[in-house]
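Presented below is the structure to which this report refers.
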């Protein structure tokens, strides 16, 4: 039997060690998953394209971890527990073994951190840029996923962590903004999925912020048939984001790459929310309220004046 | 609220109508799937890249259907029943609305044919070629999936349908081979996933042939720790493939894009196999046997002479 193509050698060397038992050693056409009793499966898919969603010069291990984490962030927003993932890599012919080694090492590191395993995948050649797609699977107790729909007038608008660091990190990596501590670049490269919050029964609606706070808040409004008003003075900014100055505020509010959670919480659940984020040692901040009215997002600046934006958020096309 | 980016309009217009209830109207970050009781989930992912796996001139509806079907073929090989899929589209900026319309129409047609629904997806811009990735999900009765491993010396090697048409169809579409009836091009564009065969308890091992009969048979050998011998005189060829002549035999055996099933069947199960394919109105042919010995594939030509190949099968890199 002649030597196997390079594809199989790469899979055996770098990816088979990442496979969980459901992945059948990546030696079958499929993964076989016995769903845990009483659970629903939560499925999400996100793609990253070199030169579009990450910089071709980004370290491969960080690209791998970001690819995983942007998907885990979607699971976090549903209060799901991650279980595993399937991966597609369309790679240019000149992608080196070193690149695959580092990429797989990044996956391995985050598999350990998040307790997940590779279930399956596909590899393809491409004459274009490196293109990655990842399907992540998690579980929730049946009926307990927190959806995008469910916000209502009177609910508070809450966000975890700090807003805008990822977009500013991209600006820093592109040389448009100083980042002496490297904090902003780190936030761009390695988002922190806010897993582990028990949001069922607390949040009425939830999503993660990936395309910009203003645009993603618009999605919650449309799903609810409600309006939203936020105050920029309340939006939590990191020290480095505050240091960037007010000219970067619009970037923070619309730039995307936050991977923080955006929640609608009834006032009656605020105490439970604060207790839960304290238990999880996370920060959370109320930045506004949902209001009666047709879907719209009103942003009031430091002087409570209405802010408008040249672009509300990130478009994928 | 300003107008939404084009992405959301495209999703709303072309893809939301394809979503099943688990897809939450494509208006959430995730799909929510309640697994049927007593079932295991079967998961597979396959990608197609324009210019690599399909011709940029291929009709978008056929590209969509091929993308679905190459994944359904993997489910068929496990004797699984397809349930739904998640989709990633990385599209160049000049991809037209007409392209998306036709692509979604192809998905809709095959969703009806195979009784499945869209569960979720992601869209991305790319400066490179159109790149598609699809994760398909099916179900099997717990413990009843037919895996790649399980072949043993003495088992017959069986294939459904006819071998080589897809590879010859590509040659025809590239102008290298006459295809007066269009049969070969049709077989390349629109593989027929061999769903519905109740293979559990009949086949000891199963996979679909996507990368060429010889190479894929090598995978069954490695998974089993057994050798295989096939006779080209037994390999089922369609009329147009026979008409192409003996100079195309190597292409038929190694070219890939067959999406027929390759099975290991103990002699004691042959009667049950033949009854089952008759029930499903499929054709099936025994082309050789597994033998004791280290993994290897022996191919005997019309004169029973040993055949060797310049390339055993299709490499993805």
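Protein chains in written order, with this note's numbering: chain A, 603 to 919; chain B, 603 to 919.
Just so you know, even glycine gets a beta-carbon here, dropped at the ideal spot from N, CA and C.
Original post:
Since residue 641 (chain B) sits in a beta bridge, which residues does DSSP pair it with?
Top reply: In the second chain, counting from the first residue as 1, residue 641 (chain B) sits at position 39. BP columns for residue 641 (chain B) point to B:743.
Subject >> Residues of the segment 669–689 of chain A with Cβ closer than 8 angstroms to any Cβ of chain B, in chain order >> reply: 676, 677, 679, 680, 682, 688 and 689
Subject >> Chain-ordered neighbours of residue 647 (chain A) on chain B, where CB pairs are closer than 7 angstroms >> reply: Within the first chain, numbered from 1, the residue matching residue 647 (chain A) stands at position 45. By Cβ distance, chain B contributes 688, 690, 722, 723, 724 and 737.
Subject >> chain B contact for residue 804 (chain A) (CB, 8 angstroms cutoff) >> reply: The residue you call residue 804 (chain A) lines up with position 202 of the first chain. No, residue 804 (chain A) lies away from the interface with chain B (no Cβ there is under 8 angstroms from its Cβ).
Original post:
Under a CB-based cut-off of 8 angstroms, is residue 938 (chain A) close to chain B?
Top reply: Only positions 603 to 919 of chain A appear in the structure, and residue 938 (chain A) is not among them; the question remains open.
Subject >> CA-to-CA distance, residue 645 (chain A) to residue 740 (chain A), given in whole angstroms >> reply: Position 138 of the first chain, counted from the start, is the residue given in the question as residue 740 (chain A). Position 43 of the first chain, counted from the start, is the residue given in the question as residue 645 (chain A). Distance between the alpha carbons of residue 740 (chain A) and residue 645 (chain A) is about 7 angstroms.
**OP:** Return the chain-ordered ranges of every beta strand (DSSP E) run that is complete within the segment 844–899 of chain B and spans a minimum of 3 residues.
**Re:** 862–867 and 886–893
**OP:** Can you grab the Cα-Cα spacing for the pair residue 753 (chain A) / residue 722 (chain B), in whole Å?
**Re:** Translated into the one-based positions of the first chain, residue 753 (chain A) becomes position 151. Translated into the one-based positions of the second chain, residue 722 (chain B) becomes position 120. If I take the Cα positions, the gap works out to 22 angstroms.
Subject >> Neighbour-count burial assignment, residue 834 (chain A), 16 or more Cβ in a 10 Å radius >> reply: Within the first chain, the letter at position 232 stands for residue 834 (chain A). Result: buried.
Original post:
I think residue 862 (chain A) touches residue 758 (chain A), with their Cβ atoms under 8 angstroms apart; what is that distance to the nearest whole Å?
Top reply: As a working mapping, residue 862 (chain A) is identified with position 260 in the first chain. As a working mapping, residue 758 (chain A) is identified with position 156 in the first chain. Incorrect: roughly 15 angstroms between the Cβ atoms, too far for contact.
Subject >> For residue 831 (chain A), the residue or residues it bridges with in DSSP >> reply: As a position in the first chain, residue 831 (chain A) is number 229, starting the count at 1. Paired residue(s): A:891 and A:900.
Original post:
Is it true that the CB of residue 678 (chain A) sits closer than 8 angstroms to the CB of residue 810 (chain A)?
Top reply: Residue numbering aside, residue 810 (chain A) sits at position 208 when the first chain is read from its first letter. Residue numbering aside, residue 678 (chain A) sits at position 76 when the first chain is read from its first letter. Yes; because the gap between Cβ atoms is below 8 angstroms, this pair is in contact.
Original post:
What residue ranges within the segment 714–742 of chain A form continuous beta strand (DSSP E) runs of no fewer than 3 residues, ordered along the chain?
Top reply: 719–727
Subject >> Neighbour flag for residue 872 (chain B) against chain A, beta carbons, 8 angstroms >> reply: Residue mapping note: residue 872 (chain B) aligns to position 270 of the second chain, counting from 1. Cβ-Cβ to chain A under 8 angstroms: no for residue 872 (chain B).
**OP:** With residue 808 (chain A) as the anchor, note down where its beta strand (DSSP E) starts and where it stops.
**Re:** Counting from one through the first chain, the residue named residue 808 (chain A) turns up at place 206. Residue 808 (chain A) -> beta strand (DSSP E) spans 807–811.
Original post:
Quick check: the segment 853–869 of chain B against the segment 765–781 of chain B, are there 3 or more CB pairs under 8 angstroms?
Top reply: yes
Original post:
Going along the chain, which residues of its own chain have a beta-carbon closer than 6 angstroms to the beta-carbon of residue 897 (chain A), five neighbours each way excluded?
Top reply: Position 295 of the first chain, counted from the first residue, corresponds to residue 897 (chain A). Cβ within range, chain order: 823 and 824.
Subject >> Member of B:885, B:637, B:615 and B:613 whose CA lies at the smallest distance from the CA of residue 624 (chain B) >> reply: Reading the second chain from its first residue, position 22 is the one you call residue 624 (chain B). Ranking the options by Cα distance to residue 624 (chain B), first place goes to B:637.
Original post:
What residues in the segment 844–864 of chain A have a beta carbon less than 8 angstroms from any beta carbon of chain B?
Top reply: For the segment 844–864 of chain A, which is checked against every Cβ of chain B, not one residue is closer than 8 angstroms.
**OP:** Would you mind working out which of B:890, B:865 and B:697 sits nearest residue 801 (chain B), comparing C-alpha positions?
**Re:** Taking the first residue of the second chain as 1, we reach residue 801 (chain B) at position 199. In terms of CA proximity to residue 801 (chain B), B:865 leads the group B:890, B:865 and B:697.
**OP:** Assuming residue 852 (chain B) contacts residue 744 (chain B) (C-beta within less than 8 angstroms), just tell me the rounded distance between them.
**Re:** The residue given as residue 852 (chain B) occupies position 250 in the second chain. The residue given as residue 744 (chain B) occupies position 142 in the second chain. Going by Cβ atoms, the distance from residue 852 (chain B) to residue 744 (chain B) rounds to 42 angstroms, so no, they are not a contact pair.
Original post:
For residue 833 (chain B) and chain A, any beta-carbon pair shorter than 8 angstroms?
Top reply: For this step, residue 833 (chain B) is matched to residue 231 along the second chain. No, residue 833 (chain B) lies away from the interface with chain A (no Cβ there is under 8 angstroms from its Cβ).
**OP:** Drop a sphere of 10 angstroms on the beta-carbon of residue 1004 (chain B), count the other beta-carbons inside from all chains shown, and report buried for 16 or more, exposed for fewer.
**Re:** In the structure displayed, chain B extends from 603 to 919; residue 1004 (chain B) sits before or after that span and is not available.
Original post:
How big is the Cα-Cα spacing for residue 612 (chain B) and residue 648 (chain B)?
Top reply: Numbered from 1 along the second chain, position 10 holds the residue referred to as residue 612 (chain B). Numbered from 1 along the second chain, position 46 holds the residue referred to as residue 648 (chain B). Approximately 23 angstroms between the Cα atoms of the pair.
Original post:
Quick one: is residue 643 (chain A) near chain B, going by C-beta distance under 8 angstroms?
Top reply: What you label residue 643 (chain A) is simply residue 41 of the first chain in a count that begins at 1. Yes, contact with chain B.
Original post:
Can you give, in chain order, each stretch of the beta strand (DSSP E) that sits fully within the segment 771–815 of chain A and has at least 3 residues?
Top reply: 807–811
**OP:** Identify whether residue 625 (chain B) lies in helix, strand or coil by the three-state DSSP scheme.
**Re:** One-based indexing of the second chain puts residue 625 (chain B) at position 23. Note: residue 625 (chain B) maps to helix in three-state DSSP.
Original post:
Do you know whose CA, among A:808, A:893 and A:762, lies nearest residue 601 (chain A)'s CA?
Top reply: Within the shown structure, residues of chain A are numbered from 603 to 919, placing residue 601 (chain A) beyond reach of any answer.
Original post:
Considering residue 679 (chain A), what are the terminal residues of the beta strand (DSSP E) in which it resides?
Top reply: Here residue 679 (chain A) refers to the residue found at position 77 when the first chain is read from its first residue. For residue 679 (chain A), no beta strand (DSSP E) segment is defined; the enclosing uninterrupted segment is the alpha helix (DSSP H) at 662–679.
**OP:** Measure from the C-beta of residue 658 (chain A) to each C-beta in chain B and report whether the shortest distance is under 8 angstroms.
**Re:** Position 56 of the first chain holds residue 658 (chain A). Not one chain B Cβ lies under 8 angstroms of residue 658 (chain A).
Subject >> Chain-ordered chain B contacts of residue 700 (chain A) [CB-CB under 9 angstroms] >> reply: Sequence index remark: in the first chain, residue 700 (chain A) carries index 98 (1-based). Within 9 angstroms Cβ-Cβ: nothing; residue 700 (chain A) doesn't reach chain B, min ~15 angstroms.
**OP:** Please compile the residues from chain B whose C-beta is within a distance smaller than 7 angstroms of the C-beta of residue 637 (chain A).
**Re:** Start at 1 with the first residue of the first chain, and residue 637 (chain A) comes out as number 35. Within chain B, the residues near residue 637 (chain A) are 637 and 643.
Original post:
Is the shortest distance between the beta-carbon of residue 883 (chain A) and the beta-carbons of chain B less than 8 angstroms?
Top reply: What you label residue 883 (chain A) is simply residue 281 of the first chain in a count that begins at 1. Output row for residue 883 (chain A): interface = no.
**OP:** Under the assumption that residue 693 (chain B) contacts residue 732 (chain B) (Cβ atoms under 8 angstroms), give the Cβ distance between them as a whole number of angstroms.
**Re:** Locating residue 693 (chain B) in the second chain gives position 91, where the first residue counts as 1. Locating residue 732 (chain B) in the second chain gives position 130, where the first residue counts as 1. So it is a contact: roughly 6 angstroms between Cβ atoms.
Subject >> Per-residue DSSP class, three states only, for residue 648 (chain A) >> reply: Sequence index remark: in the first chain, residue 648 (chain A) carries index 46 (1-based). DSSP, read as helix, strand or coil, puts residue 648 (chain A) in strand.
Original post:
Which of the three DSSP states, helix, strand or coil, is assigned to residue 822 (chain A)?
Top reply: The residue you call residue 822 (chain A) lines up with position 220 of the first chain. The answer is helix: DSSP assigns residue 822 (chain A) an H, G or I state.
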